[in-house]
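*Asks:* Right, I'll just put the structure down here and ask away after.
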Amino acid sequence: MRSKLAFAVALSVAATTVALPALAQKQGGTLRIYHRDNLPSASIHEEATISTVQPFMGVFNNLVVFDQQKPLNTMETIVPDLAESWAWDSTNTKLTFKLRQGVKWHDGKPFTAKDVQCTWNKLTGKDPDDFRKNPRAIWWQNLKEVTVNGDHEATFVLNRPQPSFLMMFASGYTPVYPCHVSTKDMRTNPIGTGPFKFVEFKRGDSVKFARNPDYWKKGKPHVDAIEWKVIENRSTRILAFVAGEFDMTFGTDVTIPLLKDVTSQAPKAVCELAPTYVSSNLIINPKAPPFSDPKVRRAMALAIDRKAFIEILSNGRDDISGAMLPPPAGVWGMPPEELQKLPGYSADVEKSRAEGRKIMEGLGYSEAKPLPVKVATRNIAVYRDPAVILIDQLKKVHIAGELDVVDTSIWHAKVTRGEYAVGLNLTGVGVDDPDVNLYENYSCNSERNLTKYCNKDVDALIDKQSQELDVGKRKKVVWEIEHKLAEDLARPIIAYQRAATCWQPYVKGFVLHQNSIYNNWRYEDVWLDK
Amino acid sequence: MGAYIVRRLLLMLVTLVGMSILIFVMLRLVPGNITDIIFDSAGFVNPAQKAKIERQLGLDQPIVVQYVNWIGGLMKGDLGYAYVSEKPAIDEILPRIPVTAKLAALALIFSVLFGVPLGVLSAVRQNTALDYVLRVISLSGLSLPSFWLGLLILMGFVHFLGWIPIYRSDTGSMWEELVLLSIPAAAVGFRSSALVMRLTRSSMLEVLRQDYIRTARAKGASEGSINYDHALRNAVLPVVTIIGIEAAFLIGGLIVTETVFNIPGVARFLVEAIRWRDYPIVQNLVMFIAIIVVLVNFLVDLMYVALDPRIKYED
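Protein chains in written order, with this note's numbering: chain Z, 549 to 1078; chain X, 2 to 316.
Below you can see the structure in the form of structure tokens.
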């Protein structure tokens, strides 16, 4: 109820912001934002982190994009970008984009359909100068080829119908790259068609962008420049924002406990708390005995008290959910009454734990002789904190966990190699769509399926929902998948996090998205009322 | 003396070669490498692509070949390419050195200007209220962690007084920069000044009890002349040693201070490079620091001769 109310308030705030463009936007000024860490590279296609997409999304355009002024990412909020229009053929396997004419890259070269073809050839490994890493290759697995018809038309030919294919084009993760610039240069000196031109990237210090005077959307962007300052120390950067040295915080950088400090020390600042579509989840290595035994995994799932987790970590503000983000922000997630039907989600936690203890006792474990296990997690507070709570909860089913803090830089390498038994991980989802989330995290052939969970029945269901044109029917299949994932304990989701983004009251025209943190950083509508 | 200097220079060369091997090997013993880290921000690891990157970076070659390539490049002034930014390592390192050098120099000046006079004062006023106050200050300087002190200073100067900005889009004039750097420099120098103060005090107390001080006093020399001309000159040798050592170890304090005050210097960059296993940056920077340490020690040894005529290095 509280989250529904909060969501309604957030939406009305966003709607008010949208209803205000009657105010004349002022041109000029520099938008100053702090960055929370050293961004790995400038190439959005090669990274899977908000650290890159947030500063660099403004350099590029997509074919289509989620409306930057609407808080929800849905099929209905997709608007044209480099594509003026799009259409499916009668077989629903060919998606043709009519491209905008007269658009130029920042280096003056014309944008054509060849650039579109080139970008997706790189994404599907068909270009010799392919990406050094391609984290979202799975998004495009159904893409057979991209054909061009002249300079201003590109057609995406699919192997089978995929109605939500368009959603992936609208993400901040899906910019169009220029054909004539190498992938190496795109990592260090990116060229785009977007509202801001890349100026300078001083590692560990700052990233600067300047207004693109030739931007094809006349009159935009409103600010002359965006300057990002890297401040890794959280106390320092929050202090700097409170002292008025920055116009905006890094997106979702203000945690719920910190939000109180920021709003009390900078009462005029606008702070919006929103779902992040980043989950904390339990990863269990099914190849590491005794966790290869489904009974042990089931006992672990029964030990989890999600309500206690979110009470401790976020004063109850985070969202309990299955794999998909729950409503009201999430379009595909289950409402609480459905969620409780999932195995391991019962409201009666004590009963579940008693069942878990019984399972463990049947396997020869007891309070006096618990199962020892190292709970691996990344050495970052947002990972460590839930891991500590998890260890405490596992005790309730005779599992004695010990925190194994892994150097943050080698976390994914360790998990990919299977060098863990039990772990606590965070997973962000780029677009609120089952095709994105389910293929990426739970399908047998996804490289980002960290636990290597593989169930052919689930794969078949994922394919089934992906082809379903009727939204209601598709949702039913998605919920069926949710049941299977919960039964199989495939990466049990503990909670979806919420976090705040703050900006000074004179920053106008910015709308925070409510069901993804990766898609609203174009900054072309932002202006400074100074 | 000439032969001594030559001997020391040769010894320095041997030390640096040893250091280079140590740095090179130890860096590769740390778990994880750059390819793991490059993939980390993509949230997965693809073994085939990983192997391709390793080949491109020369990490698939035997460690001896990698070492020879590095040293060979170093001899020609080629520091290689930074793995993360894919830019020449020299372009990444050089712009950051002046920032840290200024900060380190200011911190050292602070520690000497405060540490030596206050140490003398504490010794000549032994067991007075002033001595106790100075001893408490020096003890707090040694016991306060620099990150905490830095945060306190930051809160005071940024939040309450608004004297120093965290965010600056330009560096301003040289004088302006020095003024801004003086506050973080004081945070680093406070610990060193406490150490210098305590050492100056104990050296002075020892010297002040010597017969020749009593003789000077009997001859009617003024207190100022006794304390500064006779006592301090003889008490200063261990202090010079500790200042030399502190100059070398300052880098540790600078890492924390540059992080807390968000100063884009070489110390913070080094930690960042270690975290990213950016070998070309780390090994060249640590080598640079090693050269500074060895040189400072050499200069301190030479200063002994100037400060104390009794010391002579045999040829």
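Just so it is clear, CB atoms sit at the ideal spot from N, CA and C, and this is done for glycine as well.
Going by DSSP in three states, residue 867 of chain Z sits in which element: helix, strand or coil?
*Replies:* In the first sequence, residue 867 of chain Z corresponds to position 319, counting from 1. If DSSP states are grouped into helix, strand and coil, residue 867 of chain Z belongs with the strands.
*Asks:* How would you call residue 110 of chain X, buried or exposed, if buried means at least 16 neighbouring beta carbons within 10 angstroms?
*Replies:* Residue numbering aside, residue 110 of chain X sits at position 109 when the second sequence is read from its first letter. Classification of residue 110 of chain X: exposed, given that the 10 Å Cβ count is below 16.
*Asks:* Report all residues from its chain with a CB closer than 7 Å to the CB of residue 658 of chain Z; omit the five preceding and five following residues, and keep chain order.
*Replies:* Taking the first sequence and counting its residues from 1, one reaches residue 658 of chain Z at position 110. Closer than 7 Å at Cβ, skipping near neighbours: 652.
*Asks:* Taking the beta carbon of residue 996 of chain Z as the centre, do at least 16 other beta carbons fall within 10 Å, making it buried, or is it exposed?
*Replies:* For the purposes of this step, residue 996 of chain Z is taken as the residue at position 448 of the first sequence. Using a 10 angstroms sphere on the CB of residue 996 of chain Z, the tally of other CB atoms reaches 16 or more, which defines it as buried.
*Asks:* Thinking residue 115 of chain X and residue 683 of chain Z are a contact (beta carbons under 8 Å), I'd like their distance in whole angstroms, please.
*Replies:* On the second sequence, residue 115 of chain X is found 114 positions in, with the first residue counted as 1. On the first sequence, residue 683 of chain Z is found 135 positions in, with the first residue counted as 1. That belief does not hold up - the Cβ atoms of residue 115 of chain X and residue 683 of chain Z are roughly 53 Å apart, past 8 Å.
*Asks:* For residue 779 of chain Z, decide whether its Cβ has a neighbour in chain X, counting only Cβ atoms nearer than 9 Å.
*Replies:* Here residue 779 of chain Z corresponds to residue number 231 of the first sequence, with the count starting at 1. At a cut-off of 9 Å between beta-carbon atoms, residue 779 of chain Z makes contact with chain X.
*Asks:* State yes or no: is the beta carbon of residue 720 of chain Z nearer than 9 Å to at least one beta carbon in chain X?
*Replies:* As a first step, residue 720 of chain Z is located in the first sequence; it is residue number 172 there, counting from the start. Not an interface residue.
*Asks:* Output yes if chain X places a C-beta closer than 9 Å to the C-beta of residue 569 of chain Z; else output no.
*Replies:* As a first step, residue 569 of chain Z must be located in the first sequence, where it is residue number 21. Confidence in residue 569 of chain Z is poor, its pLDDT being 49 and thus under 50, which makes the residue's placement unreliable; the coordinate value appears in the next sentence. No - not a single Cβ of chain X is within 9 Å of the one on residue 569 of chain Z.
*Asks:* So, do the segment 868 to 877 of chain Z and the segment 887 to 896 of chain Z have three or more beta carbon pairs nearer to each other than 8 Å?
*Replies:* Contact between the segment 868 to 877 of chain Z and the segment 887 to 896 of chain Z is present, because at least three Cβ pairs lie under 8 Å.
*Asks:* Compare the C-beta of residue 276 of chain X against all C-beta atoms of chain Z and say whether one is closer than 9 Å.
*Replies:* Taking the second sequence and counting its residues from 1, one reaches residue 276 of chain X at position 275. Interface residue, yes.
*Asks:* On a CA-only basis, which of Z:1071, Z:1035, Z:1075 and Z:1077 is nearest residue 742 of chain Z? Give me that one, please.
*Replies:* As a first step, residue 742 of chain Z is located in the first sequence; it is residue number 194 there, counting from the start. Answer by Cα proximity: Z:1071.
*Asks:* Using a Cβ-Cβ cut-off of 9 Å, state whether residue 56 of chain X counts as contacting chain Z.
*Replies:* If you number the second sequence from 1, residue 56 of chain X lands on position 55. Judged by the 9 Å Cβ criterion, residue 56 of chain X is not in contact with chain Z.
*Asks:* Around the Cβ of residue 120 of chain X, are there at least 16 other Cβ atoms within 10 angstroms (buried) or fewer (exposed)?
*Replies:* Position 119 of the second sequence, counted from the first residue, corresponds to residue 120 of chain X. Answer is buried; the Cβ neighbour count reaches 16.
*Asks:* Evaluate contact between the segment 90 to 110 of chain X and the segment 257 to 268 of chain X, counting only Cβ atoms and requiring at least three cross-stretch pairs below 8 Å.
*Replies:* A contact exists between the segment 90 to 110 of chain X and the segment 257 to 268 of chain X.
*Asks:* Mapping the DSSP letters down to three states, classify residue 666 of chain Z as helix, strand or coil.
*Replies:* Taking the first sequence and counting its residues from 1, the one referred to as residue 666 of chain Z is at position 118. Helix, per DSSP.
*Asks:* For residue 700 of chain Z, decide whether its Cβ has a neighbour in chain X, counting only Cβ atoms nearer than 9 Å.
*Replies:* By 1-based counting over the first sequence, the position of residue 700 of chain Z is 152. No, no contact with chain X.
*Asks:* Just the C-alpha distance for residue 573 of chain Z and residue 1052 of chain Z, rounded to the nearest angstrom, thanks.
*Replies:* In the first sequence, the residue the question calls residue 573 of chain Z occupies position 25. In the first sequence, the residue the question calls residue 1052 of chain Z occupies position 504. Cα-Cα distance, rounded: 16 Å.
*Asks:* How is residue 755 of chain Z classed by DSSP in three states: helix, strand or coil?
*Replies:* Taking the first residue of the first sequence as position 1, residue 755 of chain Z is located at position 207. DSSP places residue 755 of chain Z in strand when its eight states are reduced to three.
*Asks:* What residues are listed by DSSP as bridge partners for residue 139 of chain X?
*Replies:* Reading the second sequence from its first residue, position 138 is the one you call residue 139 of chain X. Residue 139 of chain X pairs with nothing; no bridge assigned.
*Asks:* Assign residue 553 of chain Z to one of two classes, buried (16 or more other C-beta atoms within 10 Å of its C-beta) or exposed (fewer than that).
*Replies:* Reading the first sequence from its first residue, position 5 is the one you call residue 553 of chain Z. At residue 553 of chain Z, the pLDDT of 49 sits below 50, so the modelled position is not reliable; the number obtained from the coordinates is stated separately. That one is exposed.
*Asks:* Is it the case that the Cβ atoms of residue 25 of chain X and residue 67 of chain X are separated by a distance below 9 Å?
*Replies:* If you number the second sequence from 1, residue 25 of chain X lands on position 24. If you number the second sequence from 1, residue 67 of chain X lands on position 66. Yes; because the gap between Cβ atoms is below 9 Å, this pair is in contact.
*Asks:* Could you tell me which of X:204, X:243, X:131 and X:134 sits nearest to residue 113 of chain X, measuring between CA atoms?
*Replies:* Reading the second sequence from its first residue, position 112 is the one you call residue 113 of chain X. Among X:204, X:243, X:131 and X:134, the Cα nearest to that of residue 113 of chain X belongs to X:243.
*Asks:* Quick check on residue 92 of chain X: does DSSP put it in helix, strand or coil?
*Replies:* The count along the second sequence starts at 1 and reaches residue 92 of chain X at position 91. DSSP places residue 92 of chain X in helix when its eight states are reduced to three.
*Asks:* May I have the straight-line CA-CA distance separating residue 798 of chain Z from residue 133 of chain X, to the nearest angstrom?
*Replies:* Counting from one through the first sequence, the residue named residue 798 of chain Z turns up at place 250. Counting from one through the second sequence, the residue named residue 133 of chain X turns up at place 132. Approximately 47 Å, taken between the alpha carbons.
*Asks:* Considering only residues of the same chain and omitting the five flanking positions on each side of residue 808 of chain Z, which have a CB-CB separation below 7 Å?
*Replies:* To locate residue 808 of chain Z, count along the first sequence from 1; it is residue 260. Contacts found: none.
*Asks:* Straight-line CA distance for residue 924 of chain Z to residue 276 of chain X?
*Replies:* Locating residue 924 of chain Z in the first sequence gives position 376, counting from the first residue. Locating residue 276 of chain X in the second sequence gives position 275, counting from the first residue. Cα to Cα, the separation comes out at about 19 Å.
*Asks:* Would you please state the rounded distance, in angstroms, between the beta carbons of residue 1075 of chain Z and residue 771 of chain Z? I believe it to be under 8 Å.
*Replies:* Residue 1075 of chain Z sits at position 527 when you count from the first residue of the first sequence. Residue 771 of chain Z sits at position 223 when you count from the first residue of the first sequence. About 6 Å separates the two Cβ atoms, so the contact holds.
*Asks:* At 7 Å on the CB atoms, spell out the chain Z contacts of residue 40 of chain X, in chain order.
*Replies:* Position 39 of the second sequence, counted from the start, is the residue given in the question as residue 40 of chain X. What residue 40 of chain X touches in chain Z: 681, 960 and 961.
*Asks:* Going straight from the alpha carbon of residue 53 of chain X to that of residue 679 of chain Z, what length do you get?
*Replies:* Within the second sequence, numbered from 1, the residue matching residue 53 of chain X stands at position 52. Within the first sequence, numbered from 1, the residue matching residue 679 of chain Z stands at position 131. If you take the alpha carbons of residue 53 of chain X and residue 679 of chain Z, they lie about 12 Å apart.
*Asks:* Taking 9 Å as the threshold (beta carbon to beta carbon), is residue 248 of chain X in contact with chain Z?
*Replies:* Here residue 248 of chain X is taken as the residue at index 247 of the second sequence, counted from 1. Taking Cβ atoms only, chain Z never reaches closer than 9 Å to residue 248 of chain X, which makes this a no.
*Asks:* Kindly indicate which three-state DSSP category residue 569 of chain Z falls into: helix, strand or coil?
*Replies:* Taking the first sequence and counting its residues from 1, one reaches residue 569 of chain Z at position 21. Reliability of the predicted coordinates at residue 569 of chain Z is poor, the pLDDT of 49 falling under 50, and the value obtained from them is presented with this limitation in mind. Coil, per DSSP.
*Asks:* Output needed in chain order: residues of the segment 984 to 998 of chain Z with a Cβ under 8 Å from some Cβ in chain X.
*Replies:* 995, 996 and 998
*Asks:* Answer yes or no: does any C-beta atom of chain Z fall closer than 9 Å to that of residue 137 of chain X?
*Replies:* Working through the second sequence from its first residue, we reach residue 137 of chain X at position 136. Taking Cβ atoms only, chain Z never reaches closer than 9 Å to residue 137 of chain X, which makes this a no.
*Asks:* Pairs of beta-carbons, one from the segment 617 to 627 of chain Z and one from the segment 756 to 768 of chain Z, closer than 8 Å: are there three or more?
*Replies:* no
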